[in-house]
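As structure tokens, the structure follows; a few thoughts come after it.
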Amino acid sequence: MSTHRITVEVNGAVYKRTVSPRLMLSDFIRHELHLTGTHVGCEHGVCGACTVQLDGDGVRSCLLFAVQADGSAIRTVEGMADGPELHPLQAAFSAAHALQCGFCTPGLLMTIESMLDELSTMTEPEIREALSGNICRCTGYQGIVEAVKATVDSRRKEGR
Amino acid sequence: MKPPDFDYVAPTSIADAITALGSDSEAKVLAGGQSLIPLLAFRLASPALLVDLARVDGLDHVTDEGDRLVIGAMTRQRGAERDPRLADRCPLLVEALRQVGHPQIRSRGTIGGSVAHADPAGELPGVVLALGGRVHVTGPAGERTIEAEELFQGFLSTAIADDEILTAVELPASGPRTGWSVVEISRRPGDYALCGALCQVEIGDSGSVVGAHLALIGVGDRPMRATAVEAAMLGGASPTEAAALAPEGLSPGSDVHASSDYRLHLATVTSRRALTQALERAV
Numbered sequence: 115m116s117t118h119r120i121t122v123e124v125n126g127a128v129y130k131r132t133v134s135p136r137l138m139l140s141d142f143i144r145h146e147l148h149l150t151g152t153h154v155g156c157e158h159g160v161c162g163a164c165t166v167q168l169d170g171d172g173v174r175s176c177l178l179f180a181v182q183a184d185g186s187a188i189r190t191v192e193g194m195a196d197g198p199e200l201h202p203l204q205a206a207f208s209a210a211h212a213l214q215c216g217f218c219t220p221g222l223l224m225t226i227e228s229m230l231d232e233l234s235t236m237t238e239p240e241i242r243e244a245l246s247g248n249i250c251r252c253t254g255y256q257g258i259v260e261a262v263k264a265t266v267d268s269r270r271k272e273g274r
Numbered sequence: 009m010k011p012p013d014f015d016y017v018a019p020t021s022i023a024d025a026i027t028a029l030g031s032d033s034e035a036k037v038l039a040g041g042q043s044l045i046p047l048l049a050f051r052l053a054s055p056a057l058l059v060d061l062a063r064v065d066g067l068d069h070v071t072d073e074g075d076r077l078v079i080g081a082m083t084r085q086r087g088a089e090r091d092p093r094l095a096d097r098c099p100l101l102v103e104a105l106r107q108v109g110h111p112q113i114r115s116r117g118t119i120g121g122s123v124a125h126a127d128p129a130g131e132l133p134g135v136v137l138a139l140g141g142r143v144h145v146t147g148p149a150g151e152r153t154i155e156a157e158e159l160f161q162g163f164l165s166t167a168i169a170d171d172e173i174l175t176a177v178e179l180p181a182s183g184p185r186t187g188w189s190v191v192e193i194s195r196r197p198g199d200y201a202l203c204g205a206l207c208q209v210e211i212g213d214s215g216s217v218v219g220a221h222l223a224l225i226g227v228g229d230r231p232m233r234a235t236a237v238e239a240a241m242l243g244g245a246s247p248t249e250a251a252a253l254a255p256e257g258l259s260p261g262s263d264v265h266a267s268s269d270y271r272l273h274l275a276t277v278t279s280r281r282a283l284t285q286a287l288e289r290a291v
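Chains A and B, in that order, give the protein sequences. Numbering-wise (our numbering), the first sequence opens with residue 115 and increments by one. Numbering-wise (our numbering), the second sequence opens with residue 9 and increments by one.
Put into structure tokens, the structure is as follows:
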């Protein structure tokens, strides 16, 4: 079967690799680029754990072949913190106890960060629905929703 | 599971895409992949070649042609959902898009892909059927259009031939005094609807209903047009009276999610709620 030469930018760094068409973007990120912050849960687009940002939009990296991402800019959870300094959303997750085992956390962070403008205008039921594509099986959603509300509130105070 | 092995091409013109599709009897078109890729992961499909339309020129557009809107097949659902022209000119489509899967699915999912996939519980096939839209397809013999009434032929089956590609979806633009509504019942947000009603009504100068369009999803092997309900609405029936006719002609299957009887009950409930909301919005 054919192989394809692709170029992608991930968290600002440019990578060139040769991939087989069947290689999922999630496996490309984890196994080829060794960025294991992106988690793989269900591998068929249900759980949201593998969510990354592709040209700014949250996408499921298990429902995308790496070859389709050729020429795109990707952001993963590794791109969020600035050295030891957590991203404000990550800090809000920590403060609100929005994670326990942490398996779903990278996907939730990527989803939420890609939707912050929309989330800032939403009611709590709307926030919960917007996050319904990411499944958490241990902590529960209360802390996650609180972290979202704290983040959009502080953005509002900063006039964003 | 990991998908089976396949070859992949990403042509940049529709002509090259048609040629590639015709080069292998086991070739499949890849649009947004949000339905096809899970089928590959489950090994329910094993195409020899995927023809990716993402780099084909001219398939990502929304064109306002006055009384019709033409939407390119590769227009991403998330982009269409946020397009103010569509919110203004085809609000039923935008409301339906918000109920397609989850935001991450809509980032990749396309208008054309969803229509061509023809899932019987899919919202976009329901919109095309309700509004009496049509699709533009191109094949080795050239271009043609297929009307909604002929398009959906059965479970995941359409009148689009294996060697043809859907290039655009055409919908009538909504006029003045038009109301719309999409009501779905599902176990969880983002799940396939157990039953859904997509409806648009138009009110005339006298205040009576002069246009009624209702499609039901999740209650058959394809989206179903509720013609008895539409006729009752045009005849002056109330939403409750008209919606009581929704089960007419339906024989949904029973599965782990819902029994046939429950789906028929939901057909009435979702129809009534959708008609009521659409009427409220029309005046």
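Heads up, the beta-carbon is just placed ideally off N, CA and C, and yes, glycines get one too.
query, result
"Where A/G193 meets chain B, residues with beta-carbon distance less than 9 angstroms", "By Cβ distance, chain B contributes nothing, its closest Cβ being about 17 angstroms from A/G193, past 9 angstroms."
"Same chain, Cβ closer than 6 angstroms to A/K130, five either side skipped, listed in chain order", "T121"
"For A/G151 and A/H211, believed in contact at Cβ under 8 angstroms, the rounded distance", "With 8 angstroms as the limit, A/H211 and A/G151 do not qualify as a contact, their Cβ atoms being about 20 angstroms apart."
"Inter-residue spacing [alpha-carbon to alpha-carbon] between B/V17 and A/R119", "12 angstroms"
"Residue-level contact to chain B via CB, A/S246, 7 angstroms cutoff", "yes"
"Contact residues within the region 126-138 of chain A, judged by C-beta distance below 8 angstroms to chain B", "S134, P135, R136, M138"
"Supposed contact pair A/C250 and A/C218 - C-beta distance, whole angstroms, cut 8 angstroms", "5 angstroms"
"Extent of the continuous alpha helix (DSSP H) run through B/Q161", "Not the alpha helix (DSSP H): B/Q161 falls in the beta strand (DSSP E), residues 160-162."
"Residues within the region 224-246 of chain A neighbouring chain B, beta-carbon criterion of under 7 angstroms", "T225, M229, E243, A244, S246"
"Residue environment, B/V145, which counts as buried when at least 16 other CB atoms sit within 10 Å", "buried"
"Of the residues A/M224, A/A244, A/L223, the one placed nearest A/L233, counting alpha carbons only", "A/A244"
"Anticipated Cβ contact below 8 angstroms, A/A209 with A/H201, distance rounded", "Not quite, the Cβ-Cβ distance comes to about 13 angstroms (not below 8 angstroms), so this is no contact."
"Those runs of the alpha helix (DSSP H) which lie wholly inside the region 213-286 of chain B and span at least 4 residues", "235-242, 247-251"
"Beta-carbon contacts of B/A290 that lie in its chain and below 8 angstroms, excluding the five residues immediately before and after", "R185, T186, G187, V209, E210, I211"
"Residue of A/D231, A/V181, A/S116, A/I143 minimising C-alpha distance to A/T165", "A/I143"
"Test item: CB-CB of B/D32 and A/M115 under 7 angstroms", "no"
"Beta carbon proximity, B/Y16 to chain A, threshold 7 angstroms", "yes"
"Limits of the beta strand (DSSP E) - the one that A/E123 falls within", "118-124"
"Chain-ordered neighbours of B/A49 on chain A, where CB pairs are closer than 7 angstroms", "E157, H158"
"Cβ contact (3+ pairs, closer than 8 angstroms) linking the region 123-138 of chain B and the region 49-60 of chain B", "no"
"Identified DSSP bridge partners for B/Q208", "B/W188, B/H221"
"Where A/S234 falls: helix, strand or coil (DSSP)", "coil"
"Nearest-angstrom Cα separation, counted from B/A62 out to B/R114", "15 angstroms"
"Cβ contact check for the region 222-240 of chain B and the region 254-261 of chain B: 3 or more pairs under 8 angstroms", "yes"
"Straight-line gap, B/S182 to B/D96 (C-alpha atoms, nearest Å)", "8 angstroms"
"Local Cβ density within 10 Å of B/A250, reported as buried at 16 or more and exposed below that", "buried"
"N- and C-terminal bounds of the alpha helix (DSSP H) containing B/Q112", "111-116"
"One or two residues paired with B/S165 in a DSSP bridge", "B/G162"
"Range of the contiguous alpha helix (DSSP H) that encloses B/G147", "Unbroken run through B/G147 is the beta strand (DSSP E), 142-147; no alpha helix (DSSP H)."
"Below-7 angstroms beta-carbon distance, B/I173 vs any chain A residue", "no"
"Neighbouring residues, chain A, relative to B/A201 (Cβ below 8 angstroms)", "The contacting residues do not exist; B/A201 stays about 14 angstroms from chain A at best."
"Beta-bridge pairing of B/Y200 - partner residues as DSSP gives them", "None; B/Y200 has no bridge partner."
"Cutoff 7 angstroms: B/R304 Cβ touching any chain A Cβ", "The structure shown does not extend to residue 304 of chain B, since chain B is modelled only from 9 through 291, so no value can be given for it."
"Outcome for A/E199 when other beta-carbon atoms lying within 10 angstroms are tallied against a minimum of 16", "exposed"
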